[in-house]
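To start, the structure itself, in structure tokens.
What follows is the structure, encoded as structure tokens:
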């Protein structure tokens, strides 16, 4: 808003390699040969791997992918550098610069992750040679590669977004920056503060007590040390944390003791609200998969859902929630806040806080809406697919008692999903 009278950049001028004046021709020939040899070498590696069936193993699968990245990575910067050294063009468009930055970090980070995957592949091959082909089966290899791509993409998206969304807020350095927000409470509830205070206090205490009892029962009983109850215990911990992120502050507001929240406190509240909420959403999806395996593959259940797989799935939900929360919180609070500090809600959330920002909020709004909506839809779709398969399997059970027993194992999870997605 404050930049409407400024001229926007449409291109950048590349000044080249420092302290190389007069060496442009030598460097052009040098880098041209290196670039061509790099492409030729990687192309030969790829051709050899694809054409020889004896090389169709996990190690060479990863090596082939590394060759693809090695061909693409120098292609992000070398052609433009060669144009510059030949004296043809010193400019790059704004969008071209953004694309170059994205692909440079995307390919670089993915290649770094791929080196780690290849090290793990060699570890399994040498330390567990008899189980190598079982552990590094095609599905696992593809999953590891997809994870490397995903990490690289997230890394590049975060860096590129932050770099090219930098707002020229230099003009605002003489303005008073917000250090505290005032929470205005639940809209249209004037005069009901006492009733709401006792209602939410009771619900909060029941939530805390219920989840603590579930956790205590799972930990103390060895019979409940199964994958289903492992995930249920995780869900109880998230329910404890999720409600504790917003309810205590809301109760303080309702009791009229303190309606203010510090800037750092608001940032923390947004982060933990989205971190715990997203992780819980992922956990519902994992629990649906657990029930799918238990009912559709009962004889292989403990083999498929072993301790290692359960730990990886639980860690994956935590990491996914953390990445989601970091992206949204960073995009929201890198904006300058210099005007009103009154949040028209009972806790800090992105839709309530963003209207108070002094900068351009369009990117944060788009990413927030897309991120939250897309993740919710994907999780709901995967849960729906799991329970469709479960329903088909249960319908094939001949005895009514068997069908009832199979359905009863899903009842608790189905209730939790209905409570979570019902209001949506």
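Residue numbers (UniProt numbering): 1 to 424.
Think of the CB as a built atom: it goes at the ideal place given N, C-alpha and C, for glycine as much as any other residue.
May I ask which residues mark the beginning and end of the alpha helix (DSSP H) holding residue i?
i, result
"residue 183", "From DSSP, residue 183 is part of no alpha helix (DSSP H) but of the beta strand (DSSP E) over 180-183."
"residue 111", "94-127"
"residue 261", "Note, residue 261: premise wrong, no alpha helix (DSSP H); beta strand (DSSP E) at 260-262."
"residue 338", "Element bounds for residue 338: n/a, residue is neither H nor E."
"residue 61", "58-85"
"residue 256", "From DSSP, residue 256 is part of no alpha helix (DSSP H); its letter is neither H nor E."
"residue 366", "362-395"
"residue 201", "193-220"
"residue 162", "138-164"
"residue 134", "132-135"
"residue 351", "350-353"
"residue 301", "301-304"
So, is residue i buried or exposed, given that buried needs 16 or more other C-beta atoms within 10 angstroms?
i, result
"residue 266", "buried"
"residue 249", "buried"
"residue 170", "Low confidence applies to residue 170: its pLDDT is 43, below 50, so where it sits in the model is not reliable enough to give any reading."
"residue 174", "Per-residue confidence for residue 174 stands at a pLDDT of 48, beneath the threshold of 50, marking its modelled position as unreliable; the derived number appears in the next sentence. So residue 174 counts as exposed."
"residue 245", "buried"
"residue 190", "exposed"
"residue 269", "buried"
"residue 211", "buried"
"residue 274", "buried"
"residue 233", "buried"
"residue 425", "Since the first residue shown for the chain is 1 and the last is 424, residue 425 is missing from the structure and cannot be characterised."
"residue 110", "buried"
"residue 359", "buried"
"residue 400", "exposed"
"residue 90", "exposed"
"residue 392", "exposed"
"residue 362", "exposed"
"residue 343", "buried"
"residue 146", "exposed"
"residue 350", "buried"
"residue 77", "exposed"
Report the rounded CA-to-CA distance for residue i versus residue j, giving the unit in angstroms.
i, j, result
"residue 312", "residue 54", "32 Å"
"residue 37", "residue 100", "22 Å"
"residue 227", "residue 309", "10 Å"
"residue 220", "residue 277", "27 Å"
"residue 389", "residue 416", "19 Å"
"residue 43", "residue 75", "14 Å"
"residue 241", "residue 50", "50 Å"
"residue 81", "residue 39", "16 Å"
"residue 157", "residue 374", "16 Å"
"residue 398", "residue 320", "40 Å"
"residue 180", "residue 25", "59 Å"
"residue 252", "residue 236", "24 Å"
"residue 338", "residue 188", "27 Å"
"residue 425", "residue 260", "Because residue 425 is not part of the residues shown, which for the chain are 1 to 424, the question remains open."
"residue 139", "residue 63", "17 Å"
"residue 148", "residue 83", "32 Å"
"residue 412", "residue 153", "36 Å"
"residue 402", "residue 414", "18 Å"
"residue 162", "residue 334", "8 Å"
"residue 264", "residue 199", "29 Å"
"residue 15", "residue 92", "11 Å"
"residue 104", "residue 215", "46 Å"
"residue 126", "residue 134", "14 Å"
"residue 355", "residue 386", "39 Å"
"residue 30", "residue 132", "43 Å"
"residue 160", "residue 372", "20 Å"
"residue 202", "residue 130", "57 Å"
"residue 79", "residue 299", "57 Å"
"residue 23", "residue 34", "16 Å"
Assuming residue i is part of the beta strand (DSSP E), what are its boundary residues?
i, result
"residue 53", "Unbroken run through residue 53: none, as it is neither H nor E."
"residue 13", "11-13"
If contacts are defined as beta-carbon pairs under 8 Å, then residue i and residue j qualify, I think. What distance do you get, rounded to the angstrom?
i, j, result
"residue 151", "residue 97", "Going by Cβ atoms, the distance from residue 151 to residue 97 rounds to 23 Å, so no, they are not a contact pair."
"residue 243", "residue 207", "5 Å"
"residue 117", "residue 144", "5 Å"
"residue 247", "residue 301", "Residue 247 to residue 301, Cβ: 37 Å. No contact."
"residue 332", "residue 364", "5 Å"
"residue 94", "residue 11", "6 Å"
"residue 196", "residue 231", "Residue 196 to residue 231, Cβ: 33 Å. No contact."
"residue 178", "residue 306", "Between residue 306 and residue 178 the Cβ distance is about 50 Å, and since that is not below 8 Å, they are no contact."
"residue 224", "residue 217", "7 Å"
"residue 427", "residue 193", "For residue 427 there is no data in the structure shown, the boundaries of the chain being 1 and 424."
"residue 463", "residue 27", "Residue 463 is absent from the structure shown; the chain starts at 1 and stops at 424."
Heavy atom of the ligand MG less than 7 Å from the Cβ of residue i, yes or no?
i, result
"residue 336", "Of ligands this structure carries none, so the ligand MG is not represented either."
With three or more beta-carbon pairs closer than 8 Å as the criterion, would you say the region 376-389 touches the region 286-293? yes
Do three or more CB pairs link the region 318-334 to the region 356-371 at distances below 8 Å? yes
Inspect the CB distances between the region 45-59 and the region 114-127 and report whether three or more fall short of 8 Å. yes
Can we say the region 63-75 touches the region 44-51, given the rule of at least three CB pairs closer than 8 Å? yes
So, do the region 402-412 and the region 292-306 have three or more beta carbon pairs nearer to each other than 8 Å? yes
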